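When the letters of the sequence shown are read in order and numbered with this note's numbering, they come out as residues 25 to 202. These notes are about the structure you will find just below.
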Amino acid sequence: MTPSLTSMLAGKYVPVDAAALLNSTLQVVLLPVLGGAFLNQYFHGFVKFVSPLMPSIAVGTVGVLCGNAIAESSSAILASGLQVVLASSLLHASGFFFGYVLSRMLRLDVASSRTISIEVGMQNSVLGVFLATHHFQNPLTAVPCAVSSNRKRQGLDMQCKLPYISEGSNSAISSCTF
25 MTPSLTSMLA GKYVPVDAAA LLNSTLQVVL LPVLGGAFLN QYFHGFVKFV SPLMPSIAVG
85 TVGVLCGNAI AESSSAILAS GLQVVLASSL LHASGFFFGY VLSRMLRLDV ASSRTISIEV
145 GMQNSVLGVF LATHHFQNPL TAVPCAVSSN RKRQGLDMQC KLPYISEGSN SAISSCTF
């Protein structure tokens with residue numbers, strides 16, 4: 025599907041090894057999840073001890089991966105940066121917006137709608153950076169993913185700062201805890 029879409033949208037055919045992409049995705053997504061479930065099941069004390077450190081490690085890892093992709097392509101970003109930033113901003117803003125609006129139209133509660141909005145708006149750009157840097161020779165392929173990671177974080181920050189009235193109460197919830 026990706027080669028056809030690239031050919032149609034960019035006017036150039038880009039061969040993609042689907043099996044290698046699937047294998048990498050399984051290694052990056054499934055193995056850590058299974059490993060975490062195993063550790064939590066059999067080494068619960070250790071997991072409880074290291075759990076407070078994990079968000080900082082995750083943020084640091086994302087920063088290194090995205091920073092590397094941006095640094096490798098800094099001249100290209102400076103040349104066409106506004107287009108990349110605008111495109112990724114619109115993509116993720118529409119994800120946040122439509123995720124929330126459509127879930128509310130389906131009569132989901134506010135908390136569920138916000139969760140869906142965050143999930144739709146925060147599609148995994150770090151996985152995109154990893155796959156792009158490992159499966160394509162041109163370092164520019166990782167740039168949109170790396171730039172969108174920063175855009176998404178700004179969108180999430182904005183969404184968490186907007187107050188809303190929780191259903192069933194009169195309290196305004198004005199911040200998110202991550």
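Every residue gets a Cβ at the ideal spot worked out from N, C-alpha and C, and that includes glycine. Since this is a predicted model, take the numbers as computed values, not measurements.
{"Check": "Per-residue burial, Tyr-124 [other beta carbons within 10 Å of its own, 16 or more giving buried]", "Outcome": "buried"}
{"Check": "Neighbour-count burial assignment, Cys-119, 16 or more Cβ in a 10 Å radius", "Outcome": "The identity of residue 119 in the sequence shown is Gly, whereas the question assumes Cys. Under this definition Gly-119 is a buried residue."}
{"Check": "DSSP three-state assignment for Val-38, whether helix, strand or coil", "Outcome": "coil"}
{"Check": "Among Cys-169, Gly-35, Gly-145, Ala-100, nearest to Phe-154 - alpha-carbon criterion", "Outcome": "Cys-169"}
{"Check": "Start and end residues, alpha helix (DSSP H) containing Met-146", "Outcome": "Note, Met-146: premise wrong, no alpha helix (DSSP H); not H, not E."}
{"Check": "8 Å Cβ cutoff met for Val-86 and Val-150", "Outcome": "yes"}
{"Check": "Chain-order list of residues whose beta-carbon lies under 8 Å from that of Ala-93 (same chain, five-residue window excluded)", "Outcome": "Val-153, Ala-156, Thr-157, Pro-163, Ala-166, Val-167, Cys-169, Ala-170"}
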